[in-house]
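This report refers to the structure that appears directly beneath it.
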């Protein structure tokens, strides 16, 4: 999925890759010159949640909650007590 997170410090573009292996969903985010693993990934129907840490443009622990609708996703990203940021994305074909 390629997506954009709108934050108080600007828009962050990233590519998030999910892989299901032996029934376990894992993932990695690529963006802002870094690659970070995703944790606590849960897919419940069309609702997808995960957590990740970033260091660029600043160090933050993010919690994502999105709804997947076909090839698009929409939702929010939250960092601690900061206001939730809007997230949008679309499926990328390999």
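Numbering (the working numbering), first residue to last: 42 to 135. Note that CB positions come from ideal geometry on N, CA and C, so glycine has one too. All figures in this text were calculated on a predicted structure; none of them were measured in a lab.
Beta-carbon contacts of residue i that lie in its chain and below 8 Å, excluding the five residues immediately before and after
i: residue 69; result: 57, 58, 76, 77, 78, 79
i: residue 82; result: 59, 66, 67, 68, 89, 90, 91
i: residue 100; result: 94
Proximity to residue i [Cα-Cα], best of the options
i: residue 64; options: 53, 55, 84, 96; result: 84
i: residue 133; options: 122, 114, 52, 126; result: 114
i: residue 124; options: 61, 94, 105; result: 105
i: residue 110; options: 126, 122, 130; result: 130
i: residue 128; options: 122, 107, 112; result: 107
i: residue 52; options: 97, 87, 86; result: 97
Worksheet item: Do the region 115–127 and the region 71–82 meet, that is, are 3 or more Cβ pairs less than 8 Å apart?
Response: In this structure the region 115–127 does not touch the region 71–82; the number of beta carbon pairs closer than 8 Å is below three.
Worksheet entry | Uninterrupted beta strand (DSSP E) stretches inside the region 76–134 (no shorter than 3 residues) | 80–85, 88–95, 101–110, 113–119, 126–131
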